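Student: Residue numbers (my numbering): 23 to 173. A virtual CB, placed ideally from N, CA and C, is assigned to each residue, including glycine. Keep in mind the model is a prediction, meaning the values are calculated, not measured.
1. Would you check if the distance between the CB atom of residue 128 and the CB atom of residue 138 is smaller than 8 Å?
2. Taking all protein chains shown into account, do 16 or more other C-beta atoms lie within 10 angstroms of the C-beta of residue 131, making it buried, or fewer, making it exposed?
3. Put residue 130 into one of helix, strand or coil per three-state DSSP.
4. Return the CA-CA distance between residue 116 and residue 79, expressed in angstroms with no decimal places.
5. Could you compute how far the alpha carbon of residue 72 sits from the alpha carbon of residue 124?
6. What separation, rounded to the nearest whole angstrom, lies between the Cα atoms of residue 23 and residue 140?
7. Between residue 155 and the rest of its own chain, which residues show a CB-CB distance below 7 Å, the 5 nearest in sequence each way excluded?
8. What number of angstroms, rounded off, separates the C-alpha of residue 169 from the C-alpha of residue 120?
9. Just verifying my parser: in three-state terms, what is the DSSP assignment at residue 146?
10. In chain order, what residues of the same chain lie with their CB nearer than 6 Å to the CB of residue 33, ignoring the 5 residues before and after it?
11. Could you tell me whether the Cβ atoms of residue 27 and residue 35 are closer together than 8 Å?
The following block contains the structure:
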């Protein structure tokens, strides 16, 4: 598994997370009553390869998010990061004011970095419901941040 992850470009410090993910997937199969794969090593290699791709997608998504946030706030960077802290506080306060159902999907999507399908499975709701809650929550947060209504 480590070799597949390394070949997939996962940094050495993240290899253990990938290995743990593969083990967890195997345990999840057993918990659902599914039999073990015929070729466990081949199955583990595929799961590890998929995890490596997901790892890189998440990193690119984080980089793009950082670029978008930087583009929204082109003001001069402050040495102590005060502007960044103010923005973080405003987002946190905005999250506190969201209804529980919206806050839950926002946290799972953007902080836990779960895909919509996994959020739907975790919460036991349809994917469309997750998408609509995300859309509504992001719209409210964006409006509050742009208008400075976050108290």
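Tutor: Looking at the atomic coordinates:
1. It is not a contact, given that the beta carbons lie outside the stated cut-off.
2. It counts as buried.
3. Residue 130 falls in the helix class under three-state DSSP.
4. Rounded to the nearest angstrom, the two C-alpha atoms are 27 Å apart.
5. Using only the alpha carbons, I get a separation of about 29 Å.
6. Each residue's CA atom was taken as its position, placing residue 23 and residue 140 some 23 Å apart.
7. Cβ neighbours of residue 155 beyond the five flanking positions: 123, 124, 127.
8. Separation of residue 169 and residue 120 (C-alpha to C-alpha, rounded to the nearest whole angstrom) is 16 Å.
9. Note: residue 146 maps to coil in three-state DSSP.
10. Excluding residues within five positions, none has a Cβ falling inside 6 Å.
11. The Cβ atoms of residue 27 and residue 35 do not sit closer than 8 Å to each other.
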